[in-house]
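In the working numbering, the protein residues as written are 76 to 147. Virtual Cβ for every residue (Gly too), placed ideally from N, Cα, C. Remember, it's a predicted structure, so these values are computed and weren't measured experimentally. Worksheet: the structure to be examined is printed underneath.
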């Protein structure tokens, strides 16, 4: 987001699962909260797909964030 650099790491959580760590650097201080919210949205959609096989992405180009729809 917003020209930042992002690094993902995957590590064993010690209980048979995996911890995903996301580090986002180079974020403008004024954009920080929006960037965090954006990554939460992306990661929750990824979790829904991995854990439950549910695709939360918007597949209707006419229903955008700019038009008042929740769009991931």
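In this structure the region 98-112 does not lie against the region 124-135, because fewer than three pairs of beta carbons, one per stretch, are closer than 8 angstroms. For the options 137, 146, 142, the alpha carbon positioned closest to that of residue 130 is the one of 146. Collapsing the DSSP output to three states places residue 105 in a helix.
Residue 98 has 82 as its beta-bridge partners, per DSSP. Separation of the CB atoms of residue 97 and residue 118 is rounded to 7 angstroms, and the pair is thereby assigned contact status at 8 angstroms.
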